[in-house]
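Going left to right, the first sequence walks through residues 24 to 592 as our numbering numbers them. C-beta atoms are modelled at their ideal positions from N, C-alpha and C, and glycine is treated no differently.
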Amino acid sequence: MSVSLADHLTAILRRVLALPNVSVTPAADTRFGDYQTNAAMALAKERKTNPRALAAEMVAQLSADAELATLSEPPTIAGPGFINFTLKPGHLADRVAALLADDRLGVPQVEKPQRIAVDFSSPNIAKPMHVGHLRSTLIGDCLVRVARFLGHTVITDNHLGDWGTQFGKVIHGWKAFLDRGQLEADAINELVRVYIAADAAAKADAAVADLCRQELTKLQAGDPENMGIWRECVRLSLEELNRTYARLGIQFDYVYGESHYNAALPGVVERLLAAGIARESDGAICVFFEDHPRLADAPAIVRKKDGGFNYTTSDIATAELRVQEWKCDQMWCVVGAPQSRHFEALNVILERMGLGAQITHIPFGSILGPDRKIMRTRSGDNVSLRELLDEAEERAAAPIAERNPELPLAERAEIARVIGLGAVKYAELSQHRLTDYIFDWDRMLAFQGNTAPYLQNAYVRIRSIFRKLDGAWSAPAALGLTEPAEKNLAKKLAQFAEAVPSVLDDFRPNLLANYLYELADAFHGFYESCPVLKAEGAARETRLALCEATARVLRGGLGLMGIGVPERM
RNA sequence: GCACCCGUAGCUCAAUUGGAUAGAGCAUCUGACUACGGAUCAGAAGGUUUUAGGUUCAAAUCCUAACGGGUGCGCCA
24 MSVSLADHLT AILRRVLALP NVSVTPAADT RFGDYQTNAA MALAKERKTN
74 PRALAAEMVA QLSADAELAT LSEPPTIAGP GFINFTLKPG HLADRVAALL
124 ADDRLGVPQV EKPQRIAVDF SSPNIAKPMH VGHLRSTLIG DCLVRVARFL
174 GHTVITDNHL GDWGTQFGKV IHGWKAFLDR GQLEADAINE LVRVYIAADA
224 AAKADAAVAD LCRQELTKLQ AGDPENMGIW RECVRLSLEE LNRTYARLGI
274 QFDYVYGESH YNAALPGVVE RLLAAGIARE SDGAICVFFE DHPRLADAPA
324 IVRKKDGGFN YTTSDIATAE LRVQEWKCDQ MWCVVGAPQS RHFEALNVIL
374 ERMGLGAQIT HIPFGSILGP DRKIMRTRSG DNVSLRELLD EAEERAAAPI
424 AERNPELPLA ERAEIARVIG LGAVKYAELS QHRLTDYIFD WDRMLAFQGN
474 TAPYLQNAYV RIRSIFRKLD GAWSAPAALG LTEPAEKNLA KKLAQFAEAV
524 PSVLDDFRPN LLANYLYELA DAFHGFYESC PVLKAEGAAR ETRLALCEAT
574 ARVLRGGLGL MGIGVPERM
């Protein structure tokens, strides 16, 4: 079982000082060393002593430790009481050698694997996926990949919006306006068209609005004709959704839409009433939160006065399934920030019910257009995800054609696909999830800066080196690091073991993106100052090993974000 | 009105969750130009972290208030 540098140093620190809560972190400023601890300052405050004097005592104990001496030079004190560790080149070399021999690239598995339901993407039926679904879909997919890689058992579930009041209008529109030919050609657009037509008609004519409500009531009562139309809508929508997910390389274990829980909803409400958690108010069944300052003025409605249920009820039923049948320890929901209040209320209810697990809401901000408003087309519509992905591939194709015109057209198209999709995914995942960000084609497809093409290019340059090699190459058993750029790159490679787990600390894929960018940056610095193929003997083998390790970490790290790497570009 | 999120270089974003002199990329300027893919690298310049207080060895980060922006507030999800 491997252990990261930070964890290893932390373990030594705790053992030597007999302090269970201190820790070692990567140095904020590498001029002082590679890792640091502020244990002396924290403890000095507690004991009301001088932090530098305390640091001196700690350093004396640490310097005598044999295990520490295998990985670090004797620690030093700086500033108000920081203790700094400088890693020994020999240890870093061993780490890179170990990484090359390890399918997991040195990343340890979690000690306590959890069973986690992850709910993400959640598009609506009878509507196209649009740019607004991008964040949930990509963040969710990345978190799932990372969690699985770290050893958790993850059950993915796409909680489709396949039930609700809008189906009254869809069904009326289907009956009144459907064009079968258009439905064959492009089902989703036709479903949207008939919905819009029905919506307009309902607004203009109260009788039509009433008709829509009747269609909904019939559907909810299980009317065979309306159920048939609804099933057809779901089937057609899933076909289109699955094309998009296949394109994005995303799979779900379950696609249980809201409708999956319909049968369970009356029972949920009955139990809430019986337990005294819910009560009647204005004809509706509500849960009140008088003792809860943020929720006090907004009860959750679990049954409307017309007898219908809404999303709070079906989310309760969903949580029950995930905990009671799937035996999940955790439930993650990747859903936009505006719904945070809903999840807070939901968790209060789940706690009162004694379910034994809470929902972890993983919120995110909005994608904005160039005008800093929520991204829309010129006519004010949502931007279709399919068209957006098409455009990404088209835009990625141009520089490849310019740079590598000799490549066969099919290969160029495949490269454009990998780069275009990668650019869109990376632009999303390299962003702090809570910030609203501006969708900018030129920036995400640029080959400079913190972009997917920059990282992919670093990988391509390495592959180019190995293509120039005659015959197969296998990694040497031992490396010798001499140049600062070599040591810097080796340290960065070893820190993959810290970067991956950090993603789950606060559900932050951008920490992995930051790491990969820094790795590519360290590689480019090394590449400039340390010739690989022109070097000889052990130096050449060491440098090839650093190249190979960098390529594997780049490929593995991007893979955790669902991003591929081309061999040429 | 109340609640939540946010405010960092000209622009777009980071900041290991309370640590050292707040970092990158664009754009600007100076170098490296027969180059293992220059789609690169080295460097310069750019900041009172919206403002005013407070907490402490230490604050972009925590607390209070103001200002500015976004979102949400009983039968949609």
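Pair within 8 Å by beta-carbon distance, residue i and residue j
| i | j | result |
| --- | --- | --- |
| L432 | L412 | no |
| M592 | N473 | no |
| N285 | W186 | yes |
| V119 | A572 | yes |
| V358 | L378 | no |
| V371 | H315 | yes |
| F546 | L512 | yes |
| T160 | I35 | no |
| D465 | L391 | no |
| F200 | A221 | yes |
| Q518 | L28 | yes |
| L569 | Y482 | no |
| L166 | F530 | yes |
| V325 | A301 | yes |
| L504 | P49 | no |
| A140 | C351 | yes |
| L157 | E559 | no |
| M398 | V154 | yes |
Alpha carbon of residue i to alpha carbon of residue j, nearest angstrom
| i | j | result |
| --- | --- | --- |
| E521 | V130 | 8 Å |
| T383 | K515 | 31 Å |
| A380 | A340 | 13 Å |
| W197 | A225 | 14 Å |
| E410 | Y268 | 14 Å |
| T60 | H31 | 13 Å |
| P386 | L556 | 48 Å |
| I211 | I252 | 14 Å |
| V133 | L206 | 49 Å |
| I438 | A420 | 8 Å |
| N44 | V526 | 22 Å |
| L344 | H283 | 11 Å |
| R254 | F275 | 20 Å |
Beta-carbon proximity list for residue i, same chain, < 6 Å, skipping 5 on both sides
| i | result |
| --- | --- |
| V447 | A415 |
| H455 | N533 |
| I461 | L391 |
| G280 | L183 and D185 |
Cβ-heavy atom distance, residue i to the ligand FAD, below 7 Å
| i | result |
| --- | --- |
| A269 | Ligands displayed in this structure: none; no statement on the ligand FAD is therefore possible. |
Proximal residues to residue i (C-beta, below 7 Å), its chain only, five neighbours per side dropped
| i | result |
| --- | --- |
| P136 | G174, H175 and T176 |
| A63 | P74, L77, A78, M81, G104 and I106 |
| R486 | A574 and E590 |
| N249 | I194, E238, K241 and L242 |
| C256 | I148, A149, V193 and L214 |
| T109 | G56, D57, S95 and E96 |
Counted within 10 angstroms of its Cβ, other Cβ atoms place residue i as buried (16 or more) or exposed
| i | result |
| --- | --- |
| G299 | exposed |
| D57 | buried |
| N181 | buried |
| L604 | Here the chain covers residues 24 to 592 and nothing more, so residue 604 does not appear. |
| L583 | buried |
| I423 | buried |
| G585 | buried |
| A83 | exposed |
| Q471 | exposed |
| L408 | buried |
| P247 | exposed |
| T565 | buried |
| K192 | buried |
| D394 | exposed |
| S260 | buried |
| T179 | buried |
| L457 | exposed |
| D125 | exposed |
| P524 | buried |
| P554 | exposed |
| S497 | exposed |
| E293 | exposed |
| G580 | buried |
| D463 | exposed |
Sequence-distant residues of its chain with Cβ nearer than 8 Å to residue i (five each side left out)
| i | result |
| --- | --- |
| V215 | A149, K150 and P151 |
| Y477 | A469, F470, Q471, Y540 and A543 |
query: Does the segment 364 to 372 come close enough to the segment 326 to 339 to have 3 or more Cβ pairs within less than 8 Å?
result: A contact exists between the segment 364 to 372 and the segment 326 to 339.
- prompt: Taking contact to mean at least 3 C-beta pairs separated by less than 8 Å, is the segment 256 to 267 in contact with the segment 146 to 158?
  reply: Contact holds: three or more Cβ-Cβ distances are below 8 Å.
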